[in-house]
Every structure is written in C-alpha cells, then in structure tokens.
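Going line by line, the protein sequences match chains R and Z. Numbering-wise (the numbering used here), the first sequence opens with residue 44 and increments by one. Numbering-wise (the numbering used here), the second sequence opens with residue 44 and increments by one. Here the structure comes first, spelled out in structure tokens, and everything after it is commentary.
2 protein chains.
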Amino acid sequence: MEEKIDDTDRILLRALQADGTQSLESLAERAGISTNTCWRRVKRLEESGLIARRVALIDPEKLGLGQTIFVAIRTRDHSAAWLKRFADAVRTIPEVVEFYRMAGEVDYLLKVQARSVQDYDRVYKALISRVDIADVSATFAMECLKNTTELPV
Amino acid sequence: MEEKIDDTDRILLRALQADGTQSLESLAERAGISTNTCWRRVKRLEESGLIARRVALIDPEKLGLGQTIFVAIRTRDHSAAWLKRFADAVRTIPEVVEFYRMAGEVDYLLKVQARSVQDYDRVYKALISRVDIADVSATFAMECLKNTTELPV
DNA sequence: TGTGAAATTGGGGCAGC
DNA sequence: GCTGCCCCAATTTCACA
Numbered sequence: 044m045e046e047k048i049d050d051t052d053r054i055l056l057r058a059l060q061a062d063g064t065q066s067l068e069s070l071a072e073r074a075g076i077s078t079n080t081c082w083r084r085v086k087r088l089e090e091s092g093l094i095a096r097r098v099a100l101i102d103p104e105k106l107g108l109g110q111t112i113f114v115a116i117r118t119r120d121h122s123a124a125w126l127k128r129f130a131d132a133v134r135t136i137p138e139v140v141e142f143y144r145m146a147g148e149v150d151y152l153l154k155v156q157a158r159s160v161q162d163y164d165r166v167y168k169a170l171i172s173r174v175d176i177a178d179v180s181a182t183f184a185m186e187c188l189k190n191t192t193e194l195p196v
Numbered sequence: 044m045e046e047k048i049d050d051t052d053r054i055l056l057r058a059l060q061a062d063g064t065q066s067l068e069s070l071a072e073r074a075g076i077s078t079n080t081c082w083r084r085v086k087r088l089e090e091s092g093l094i095a096r097r098v099a100l101i102d103p104e105k106l107g108l109g110q111t112i113f114v115a116i117r118t119r120d121h122s123a124a125w126l127k128r129f130a131d132a133v134r135t136i137p138e139v140v141e142f143y144r145m146a147g148e149v150d151y152l153l154k155v156q157a158r159s160v161q162d163y164d165r166v167y168k169a170l171i172s173r174v175d176i177a178d179v180s181a182t183f184a185m186e187c188l189k190n191t192t193e194l195p196v
C-alpha cells in the first residue's frame, strides 16, 4: 500500500531519516511551511506508517557486536507448517537482525551481528538446536563499507 | 573502541533503540533514575558514539522500494587503489543500503533496495558503469521475515 | 492554514550524598 | 565522583477562527 506523497513530504522524510532529533521549527523552515503544518504532515506520515518508527541507532562496534555474518540456509522441508516454526524460531534470536526468504539456490538468508567469529558459534548452535535444517553456510564480513537506514526518497 | 556501560545504560539503550521518541521522564522512570541523571547519561551515550544517531525509519514497502536484492561481487583487481575507487563509487549509489567486504568466495556483498526486479536493472547498470567488475550475481528476496535495527544489549 | 494558548519537555544551576 | 531537586526556556500539541 503506497501512499501519495508530494515534494514537501519528501523533504520531510529525507530530513527525518537523516536526523530524527530536529525540532519541528527547523523542519518547517527546511520545507518552507509553517510549524503547525509541518507538525500535521509529520503526524500524517507517522499515522500512515510511512514513518515506521523513530529509533536510536547503536554502533555495533562500540557495543562489541562488530562481527557481521551472512548465513545462507537450505532446507528440504518446504511445507507451510515448517516455515512457520522455522520463522518463529529464527525471529526470536536477537543476534539475527535480518532474515529473508530468497529466490534461487539459497532458501533463506540471515544477517547476524555477533561479538566475533568464535561467538557466532553460539548463535549457530541456537539456530540448529531450534529447528532441523538441511544446510547452513556462513560468510564473514571483513569490513563494513556502508550501512545506512536512509532510503532514496 | 568499546565503552564501559552499566546495567542502567543497558536499560536506556534497549529503550531508545525500541522507541526513540520517549521523553526523558519516562526513560528515567524505566531506568529508576532522576530525569536529570537520565539526561546526562543519554548525552554521554550520544557523545561516546554508542548511540550513533537518532533517526526516523521509513517503511520501504510504503515508499515503493519493497524489493530487496543481495548482490555478490567478485573481482580480479585487489589493489588498494582499485578498492578505494570501487568503494567510493558503490557508496554513492543511494539504493545500496549495505556494503561489505567479505571473506571467502565472494569479495563484496551489497544489499540493494529497489522498486522491483526490473528496477534493479537500473541499479545494476549504475554499478557496472562506474567501475570494472569481474563477476556480479544478484539474489532476490521473496519475503522479509525480520529486519530490525535493535541490537541485543 | 494560521494564531495563540496550554501542556509537556529539555537543559542546566546548585546543593547533597 | 555521581545523583536528585527545582526553575526557566523551548518545544510540542491542540483548540478555534
């Protein structure tokens, strides 16, 4: 369900995904509208769900979770029941920050944030202990070159 | 560079990455400290960079960027100069939201948000027009089962 | 849409443990 | 050092024109 948004909304969205702490006043100024109109627009964007949430982003390095791992999973069982069990199990592992069902060779792709390569073993065990998987293969990131939550609007 | 954080900081971090709009008062109440102490702690977390930023998260679906693509890139050239050119070029493509140098078979992994499978072609062309790459292979996500910015603290 | 008033929040001084 | 209390200014929220 896409919403109809105009150029002013785009300005607001761009500004807010770059910095969510800006005051309504400075936002309004950027967009060339009054504070009040700005408030109403932002509220509408929030209510429509276009702005999904306002959050603080934590630096994974500084938290000691600097190791990013991509985990490719293959499965034999493709039933709906298995998928549900599997999805629920994986979703509850907090180190799994992204989780997709894929087209092609790999059935599922996970992005995991762990303390280290060794620490990933803990997450791996949590994974295979919860559900029966055919094939798991992990690839480790050596360096993060870009990681943004800003979408092109 | 990991910072030393205590249980109170953990409470604040958990709360703020779940919802960055909470007032200092409600935060303080959660953490069992005074508003002012809370303000000082949050400020410290921001200054140390542990809280990297406060942002609005936009729903990619509602923006019409619902197609997630993972792009695996192999290269022949592994020189530092080539890497710099390559990294700078890729970073400036706004549809590329994540970008890692990897260990193993694949040299680089990109996560791209596009309008559709067809629309990815536009990003692909932008990619290969900017820099010489040995091998590019894209995998398309069919379904997003989890995507969070919340790290386990 | 805009004006303006009411309520909430942020920022900081100061004293005490 | 870190914490709590209180005050003032800024901001947000919402009435009504």
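A virtual CB, placed ideally from N, CA and C, is assigned to each residue, including glycine.
| Asked | Found |
| --- | --- |
| Inside the region 54-97 of chain R only - alpha helix (DSSP H) runs reaching at least 4 residues | 67-74, 78-90 |
| Within-8 Å CB hit, Ala124 of chain Z to chain R | no |
| Delimiting residues of the alpha helix (DSSP H) encompassing Val155 of chain Z | First-last for Val155 of chain Z: 151-157, but that is the beta strand (DSSP E), not the alpha helix (DSSP H). |
| Closer than 8 Å at the beta carbon, the chain Z residues around Arg87 of chain R | Near Arg87 of chain R there are no residues of chain Z at all, since even the closest Cβ is about 12 Å away, more than 8 Å. |
| Cβ of Ile94 of chain R within 8 Å of any chain Z Cβ | yes |
| Run of the alpha helix (DSSP H) containing Ser122 of chain Z, from where it starts to where it stops | Ser122 of chain Z -> no alpha helix (DSSP H), and no H or E assigned at all. |
| Validate contact between the region 63-74 of chain Z and the region 149-163 of chain R using beta carbons, cut 8 Å, 3 pairs | no |
| Start and end residues, beta strand (DSSP E) containing Lys189 of chain R | 178-190 |
| Cβ pair Val174 of chain Z, Phe129 of chain Z closer than 8 Å | yes |
| Per DSSP, the bridge partner or partners of Ile116 of chain Z | Z:Tyr151, Z:Val179 |
| Cβ separation of Ile116 of chain R and Asp150 of chain R, assumed to be a contact under 8 Å, to the nearest whole Å | 6 Å |
| Thr111 of chain R (DSSP reduced to helix, strand or coil) | strand |
| Spatially closest choice to Ile101 of chain R from Z:Thr51, Z:Gly63, Z:Ser77, Z:Ser122, by CA coordinates | Z:Gly63 |
| Beta-bridge partners of Ala146 of chain Z, as assigned by DSSP | According to DSSP, Ala146 of chain Z bridges with nothing at all. |
| Contact list for the region 55-88 of chain Z against chain R, Cβ threshold 8 Å | Leu56, Leu59, Gln60, Ala61, Asp62, Gly63, Thr64 |
| Host alpha helix (DSSP H) of Lys105 of chain R (start-end) | 103-106 |
| Touch test, the region 177-187 of chain Z against the region 103-123 of chain Z, Cβ-Cβ under 8 Å, three pairs minimum | yes |
| Coil, strand or helix - Leu194 of chain R by DSSP | coil |
| Chain-ordered residues of the region 98-111 of chain Z with a beta carbon less than 7 Å from chain R | Val98, Ala99, Leu100, Ile101, Asp102, Pro103, Lys105, Leu106, Gly107, Leu108, Thr111 |
| Environment of Glu186 of chain R [buried if 16+ CB atoms lie within 10 Å] | exposed |
| Selection of the region 125-140 of chain R by Cβ proximity to chain Z, strictly under 8 Å | Ala130, Val133, Arg134, Pro137, Glu138, Val139, Val140 |
| Buried versus exposed call for Ile171 of chain R [16 or more other C-beta atoms within 10 Å across all chains shown] | exposed |
| Nonlocal neighbours in the same chain, by C-beta distance under 6 Å from Gly107 of chain R, ignoring five residues either side | Arg158 |
| Within chain R, partners of Gln156 of chain Z - CB distance below 7 Å | Leu194 |
| For Gln60 of chain R and Leu194 of chain R, believed in contact at Cβ under 8 Å, the rounded distance | 7 Å |
| Proximal chain R residues relative to Glu186 of chain Z, where beta-carbon distance stays under 8 Å | Tyr143, Arg144 |
| Sequence-distant residues of its chain with Cβ nearer than 7 Å to Ala58 of chain Z (five each side left out) | Gln65, Leu70, Arg73 |
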